[in-house]
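Enquirer: First, the structure itself, so that you have it in front of you.
Protein chains: 4
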Amino acid sequence: MYIAVVGAGDCDGKTGEIAYRVGLEIARRGHVLVCGGLGGVMDAAAKGAHEAGGVTVGILPGGREGASQWLTVALPTGMGEARNALVARAGDVLIAVGGGYGTLSEIALGIKMGKPVVGLDSWNLEKRGRGRMEAAPGPVEAVALAERLASPGTDGPP
Amino acid sequence: MYIAVVGAGDCDGKTGEIAYRVGLEIARRGHVLVCGGLGGVMDAAAKGAHEAGGVTVGILPGGREGASQWLTVALPTGMGEARNALVARAGDVLIAVGGGYGTLSEIALGIKMGKPVVGLDSWNLEKRGRGRMEAAPGPVEAVALAERLASPGTDGPP
Amino acid sequence: MYIAVVGAGDCDGKTGEIAYRVGLEIARRGHVLVCGGLGGVMDAAAKGAHEAGGVTVGILPGGREGASQWLTVALPTGMGEARNALVARAGDVLIAVGGGYGTLSEIALGIKMGKPVVGLDSWNLEKRGRGRMEAAPGPVEAVALAERLASPGTDGPP
Amino acid sequence: MYIAVVGAGDCDGKTGEIAYRVGLEIARRGHVLVCGGLGGVMDAAAKGAHEAGGVTVGILPGGREGASQWLTVALPTGMGEARNALVARAGDVLIAVGGGYGTLSEIALGIKMGKPVVGLDSWNLEKRGRGRMEAAPGPVEAVALAERLASPGTDGPP
């Protein structure tokens, strides 16, 4: 499964720790981690997944400069913020960790594309329409919830 | 000035009426209207601008089929939801009318790109960071507010 | 009809004159001119179409800085060279005037998308597969040929 | 190093064999193979690299359906032919194997982006401007040539 971790390029230590643990858990469970490839949440999650031996993919807004060093594959797009749609599309499910407006755009694009989104201390959206974003209490729970929501034939957690 | 009107492809009559009036006012004031080129809010706004003699641009997710008939220029992108970033980038300022998750993504992308966003019965976002989305009470006020927020050298409304 | 004029951002006077006349003819015949929005061939063609009262659209690789002054609609994409695919997609038919590698990419993308391409002193491609690029002897003939090739139900020139 | 292998989605057995050997050699030398992720040349090259234990990335025009089974990372873009620019951008150097118009667009985009391109029984372009596409006699030579052309501080083969 491909899990996209979305979050800000700058983050405080606590948020970075959460992102790191999300990445670790994603790789432990054998999933590919996709992110925006830069610093902050993206870098921390990639580091976690890398340390657990996982495959990490960064979809970058510009070139490879400034990319996280923990990426198995660093993809420069030269598309600026339009690359956020590629990050959202690449995940079978998204996990949002904290986040600013770029993160919000990825959450919204993911829901618009019909993908489940799990939030960890992230945006608290009003309910509108059929999309779903669900909050998780911690990194391990977030990955487990992402797996359940993304599995075909299930309806998410009971 | 280029004003992007963002909103859902399906909308009720009241929301459509608001979008129509926004489009009318944009064209009356001599601005170019940019939108996603499809139905609902996009079509209604384009109709309003067209009837006031304005230039209307639709940036479409697929081909020209399904495009609003009120577009001066219909641009097929074949890029799916990634075209939302092009809509946001094309506006010097955005006006969001109602809206679902696609609209939310355009609001978030616009703020991320540093553009002011005016909301009409739209998403009510928590304050996070420096971006600004401001609510307007009606179509005419929304366009006037958009002009003020987008004008260089001013700091928006007092 | 939408006609995309593709060509280099720098060009000599003679090529610019040809591009100008292509733009003039496109507008005289009531078509919308689409181009990459920058200098050289793009600027000259837009100027011609503008002077004949036509609608001109520039799909820019970055922001609006550096855009031709003859555009009715200037669309910044922030996508770099990936915007070449948008230029190709926006035309019902393409006219290539001279051109370097960017132009070649637009010709190839246009043919790949199934669109006819007319060349004026442009790349002379080997025949491969079913795509067609046809040379025209001058600007007026190029626009007439473009019209014929793009018209549904005809098979191009006899 | 990232090496993009570009070629048609359908190819004959001989071309497929060449692509397979190119992929094999890319992985043996420790490079990441990037391609368009579909059949034909893309699938054959990915298979070769996979069998040699390499990392393979497919940048897909639509979703993951129809993707080569030999990809370490399959990235759906939903951008259609505009994804060709992403394939070209992802490679430090491109190797074109045979090819139709999609391939030609990737060659042209690569040269436009300043990247060296190596051809194996591919398009034979007229010289225009400063870009360079050089032919190689076989798969092993193509990868060696790609390495030399892409290495900073060298000027390519003597």
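Residue numbers (the working numbering), protein chains in the order written: chain A, 25 to 182; chain B, 25 to 182; chain C, 25 to 182; chain D, 25 to 182.
We treat Cβ as the ideally placed atom computed from N, Cα and C, and that holds for glycine.
Small disclaimer: the values here were computed from a predicted structure and weren't measured.
Just the C-alpha distance for D:Lys-71 and D:Pro-140, rounded to the nearest angstrom, thanks.
Expert: Using only the alpha carbons, I get a separation of about 24 Å.
Enquirer: In three-state terms, what does DSSP make of C:Leu-62?
Expert: DSSP places C:Leu-62 in coil when its eight states are reduced to three.
Enquirer: Check each residue of the region 35-54 of chain A: if its Cβ is closer than 7 Å to any Cβ of chain D, include it; give the result in chain order.
Expert: Of all residues in the region 35-54 of chain A, none has a Cβ within less than 7 Å of some Cβ in chain D.
Enquirer: Should the region 68-86 of chain B be called in touch with the region 26-45 of chain C, which here means at least 3 C-beta pairs below 8 Å?
Expert: Judged by Cβ distances under 8 Å, the region 68-86 of chain B makes no contact with the region 26-45 of chain C, as fewer than three pairs qualify.
Enquirer: What are the start and end residues of the alpha helix (DSSP H) that includes A:Thr-101?
Expert: From DSSP, A:Thr-101 is part of no alpha helix (DSSP H); its letter is neither H nor E.
Enquirer: How far does the alpha helix (DSSP H) with A:Leu-110 in it reach, from first residue to last?
Expert: It spans 107-114 - the alpha helix (DSSP H) in which A:Leu-110 sits, taken as one unbroken run.
Enquirer: Tell me B:Val-164's beta-bridge partners as DSSP assigns them.
Expert: In the DSSP output, where bridge partners are listed per residue, B:Val-164 has none listed.
Enquirer: Using only alpha-carbon positions, find the residue among D:Gly-123, D:Pro-161, D:Leu-110, D:Ala-68 that is nearest to D:Lys-136.
Expert: Of the listed residues, the one whose Cα sits closest to D:Lys-136 is D:Leu-110.
Enquirer: For a cutoff of 9 Å on Cβ pairs, would you count D:Pro-181 as touching chain C?
Expert: Low local confidence applies: a pLDDT of 40 at D:Pro-181 is under 50, so the model's placement there is unreliable, with the coordinate-based value given in what follows. No, because no Cβ of chain C sits closer than 9 Å to the Cβ of D:Pro-181.
Enquirer: Taking its Cβ as the centre, do 16 or more other Cβ atoms sit within 10 Å of B:Gly-138, making it buried, or is it exposed?
Expert: That one is exposed.
Enquirer: C:Asp-36: buried (16+ other C-beta within 10 angstroms of its C-beta) or exposed?
Expert: Result: exposed.
Enquirer: From A:Glu-150 to A:Glu-75, what does the alpha carbon distance come to, in whole angstroms?
Expert: C-alpha separation (whole angstroms): 36 Å.
Enquirer: When you compare each of A:Ala-120, A:Cys-59, A:Gly-31, A:Gln-93 to D:Leu-190 by their alpha carbons, which one comes out closest?
Expert: Residue 190 of chain D falls outside the range modelled here, since chain D spans only 25 to 182, and no answer is possible.
Enquirer: If you drop the 5 nearest sequence neighbours on each side, which residues of the same chain put their C-beta closer than 6 Å to that of B:Asp-116?
Expert: Cβ within range, chain order: Met-25, Tyr-26, Ala-174.
Enquirer: Any Cβ of chain C within less than 9 Å of the Cβ of A:Pro-104?
Expert: The residue you asked about is not Pro; residue 104 of chain A is Gly in the sequence shown. At least one chain C Cβ lies under 9 Å of A:Gly-104.
Enquirer: With C:Val-46 as the anchor, note down where its alpha helix (DSSP H) starts and where it stops.
Expert: Counting along the chain, the alpha helix (DSSP H) containing C:Val-46 begins and ends at 37-52.
Enquirer: If you draw a straight line from the alpha carbon of B:Trp-94 to that of B:Arg-52, how long is it in whole angstroms?
Expert: Computed Cα separation, rounded: 16 Å.
Enquirer: Counting only Cβ pairs nearer than 7 Å, list the residues of chain C close to D:Ile-27.
Expert: Correct list: empty, because the minimum Cβ distance to chain C is about 19 Å.
Enquirer: Using a Cβ-Cβ cut-off of less than 9 Å, list which residues of the region 75-91 of chain D approach chain A; keep chain order.
Expert: The residues in question are Val-79, Val-81, Ile-83, Gly-87, Arg-88.
Enquirer: Flag D:Arg-113 as yes if its beta-carbon sits less than 9 Å from any beta-carbon of chain C, otherwise no.
Expert: It does; some Cβ of chain C falls within 9 Å.
Enquirer: So what does DSSP say about B:Leu-118, is it helix, strand or coil?
Expert: Of the three classes helix, strand and coil, the one that applies to B:Leu-118 here is strand, per DSSP.
Enquirer: Note down the Cα distance separating B:Ala-159 from B:His-55, rounded to an integer number of angstroms.
Expert: One C-alpha to the other measures close to 20 Å.
Enquirer: Do the region 163-173 of chain C and the region 125-132 of chain C meet, that is, are 3 or more Cβ pairs less than 8 Å apart?
Expert: Judged by Cβ distances under 8 Å, the region 163-173 of chain C makes no contact with the region 125-132 of chain C, as fewer than three pairs qualify.
Enquirer: Sorry if obvious, but does the Cβ on B:Thr-39 come closer than 8 Å to a heavy atom of the ligand PLP?
Expert: As presented, the structure is devoid of all ligands, the ligand PLP included, so that no description of it is given.
Enquirer: What whole-angstrom Cβ distance do D:Ala-91 and D:Thr-80 have, given they're in contact under 8 Å?
Expert: In fact, because the Cβ distance is near 11 Å, the residues do not count as touching under 8 Å.
Enquirer: Pull up the CB-CB distance for C:Gly-102 and A:Ala-106, whole angstroms please, since I reckon it's below 8 Å.
Expert: Contact flag correct, Cβ pair sits at about 7 Å.
Enquirer: Taking the alpha helix (DSSP H) that A:Gly-124 falls in, what are its first and last residues?
Expert: Neither: A:Gly-124 is in no alpha helix (DSSP H) and is coded neither H nor E.
Enquirer: Grab the span of the beta strand (DSSP E) containing D:Gly-77 for me, first residue to last.
Expert: Looking at the DSSP string, D:Gly-77 is not in any beta strand (DSSP E), and its letter there is neither H nor E.
Enquirer: Between B:Ala-112 and B:Gly-134, which are expected to be in contact by the criterion C-beta below 8 Å, what is the C-beta distance as a whole number of angstroms?
Expert: With a Cβ gap of about 4 Å, B:Ala-112 and B:Gly-134 count as contacting.
Enquirer: Are D:Val-164 and D:Glu-89 close, meaning C-beta to C-beta below 9 Å?
Expert: No, the Cβ-Cβ distance between D:Val-164 and D:Glu-89 is not below 9 Å.
Enquirer: Between the beta-carbon of C:Ala-166 and the beta-carbon of C:Leu-144, is there less than 9 Å?
Expert: Yes. Within cutoff.
Enquirer: Considering just the uninterrupted stretch of the beta strand (DSSP E) at D:Gly-143, what are its terminal residues?
Expert: Where D:Gly-143 is concerned, the enclosing beta strand (DSSP E) stretches over 141-144.
Enquirer: Within 10 angstroms of the Cβ of D:Asn-108, are there 16 or more other Cβ atoms? Answer buried if so, exposed if not.
Expert: Result: buried.
Enquirer: Note down, in chain order, all residues in the region 122-152 of chain D with a beta-carbon under 9 Å from any beta-carbon belonging to chain C.
Expert: For the region 122-152 of chain D, which is checked against every Cβ of chain C, the residues closer than 9 Å are Gly-123, Gly-124, Tyr-125, Gly-126, Thr-127, Leu-128, Ser-129, Glu-130, Ile-131, Ala-132, Leu-133, Gly-134, Ile-135, Lys-136, Met-137, Trp-147, Asn-148, Leu-149, Glu-150, Arg-152.
Enquirer: What number of angstroms, rounded off, separates the C-alpha of B:Ala-69 from the C-alpha of B:Gly-122?
Expert: Approximately 12 Å between the Cα atoms of the pair.
Enquirer: Answer with yes or no whether the minimum CB distance from C:Leu-110 to chain B is below 9 Å.
Expert: Answer yes: the Cβ-Cβ gap between C:Leu-110 and chain B drops below 9 Å somewhere.
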